[in-house]
Amino acid sequence: MMGHSSSTEGNEKANDACSPQFSVESVPARSLSSTLLRKGMTLNALVWPVKVPVNRRVEKRQRESRQDSEVMSQMTWHFIREGGAIIAMARTFRRVITEVSGQHFPVLALAGVCTHPHQRGRGLGRAVVWAAWSLLQADLHVCFFQTGVPAFYERMGARTVTNLICDSTGARGFWDPHAMIYPATAAWPAGELDLLGGGW
Ligand SMILES: CC(C)(COP(=O)(O)OP(=O)(O)OC[C@H]1O[C@@H](n2cnc3c(N)ncnc32)[C@H](O)[C@@H]1OP(=O)(O)O)[C@@H](O)C(=O)NCCC(=O)NCCS
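Residue numbers (this note's numbering): 14 to 213.
The structure is reproduced here in structure tokens:
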């Protein structure tokens, strides 16, 4: 697919005369070659520079891929390649969270949305997010994520939620200043939420 994700809204945006020419690939994490893993981790390291070498990031992802966890079995990478590099990407996976009052429910977790600093403003970030959201379906109808750039997602139809968010497992919860859901119209509880695991 050129210039759009497989979502309906993405297609509408891509069908206008100024449609950019790029394709979003959506690939299960377990099927990623080590070359693609490396390209993705190289972009991640550029956008979020912490003192972890790309090699170590790739090894960590490969270890995770071998784990038989529910998260890994359902993780998908959405990415755009150009000039031999991954220049924009996002990851999605299914997570079950719970209202502190006890009601468990699944969400589509969205993580790692980024565009190469030299490639921003071309619609690439929006395209990988549309591809991610195209995975929403009847039994997984809401995407839940954290962000420091809520306006980027608001213009795509997401909204900020103000629940208190904790993680009873003691892992790192959410660390960005905003939590959001997509679509904005999705039913969403008002009370405190427990991520039941590390944030994403
Ligand atoms: C946020 C980010 C992914 C946007 O990528 P991008 O490829 O430049 O975005 P696009 O070109 O697809 O922009 C789509 C729209 O969002 C707008 N937009 C882009 N970045 C924005 C931001 N930081 N805040 C508000 N709006 C933004 C664009 O102006 C564009 O608007 P338009 O529809 O009116 O033309 C990119 O800036 C990035 O990688 N940032 C660093 C990592 C990060 O913060 N990721 C988000 C983690 S949740």
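By construction, the Cβ of each residue, glycine as well, lies at the ideal position given by its N, Cα and C atoms.
In this text, all values refer to a predicted model and were calculated from it rather than measured experimentally.
query	result
Where glutamate 72 sits in the DSSP three-state scheme	helix
Candidates Arg108, Pro130, Gly210: closest to cysteine 156 by CA position	Arg108
Cβ shell of glutamine 159 (< 6 Å), same chain only, five flanking positions each side left out	Phe187, Asp189, Ala192
Cβ neighbour criterion (16 or more within 10 Å) applied to valine 216	Since the displayed the chain opens at 14 and closes at 213, residue 216 lies outside it and no answer follows.
Cross-strand partners of arginine 135 (DSSP beta bridge)	DSSP output for arginine 135 lists no bridge partner at all.
Heavy atom of ligand 1 within 7 Å of threonine 160 beta-carbon	yes
Extent of the continuous alpha helix (DSSP H) to which leucine 49 belongs	47–60
Cβ distance (whole Å) where valine 67 is taken to contact threonine 55 below 8 Å	5 Å
Buried versus exposed, by CB contacts within 10 Å (16 or more), glycine 96	exposed
Cβ-heavy atom distance, cysteine 127 to ligand 1, below 7 Å	yes
Exposed unless 16 or more other CB atoms sit within 10 angstroms - verdict on alanine 30	Because the pLDDT of alanine 30 is 49, which lies under 50, any placement of that residue in the model is unreliable, and the number read from its coordinates should be weighed accordingly. Exposed: under 16 other Cβ atoms inside 10 Å.
Sequence-distant residues of the same chain with beta carbon closer than 6 Å to proline 119, five excluded per side	Arg107, Val109, Leu153
Neighbour-count burial assignment, serine 46, 16 or more Cβ in a 10 Å radius	exposed
Per DSSP, the bridge partner or partners of threonine 111	His117, Asp207
Alanine 171 versus Leu49, Leu206, Leu123, Arg185, residue with shortest Cα-Cα distance	Leu123
Enclosing alpha helix (DSSP H) for phenylalanine 165 [first to last residue]	163–167
As assigned by DSSP and simplified to three states, the class of alanine 171	coil
Whole-angstrom distance between leucine 121 and leucine 149, CA atom to CA atom	7 Å
Residue closest to glutamate 112, alpha-carbon to alpha-carbon, out of Arg94, Pro202, Cys127	Pro202
Residues bridged to phenylalanine 35 (per DSSP)	According to DSSP, which records beta bridges pairwise, phenylalanine 35 is partnered with nothing at all.
Minimum C-alpha distance to proline 41 - residue among Met88, Ala164, Met169	Met88
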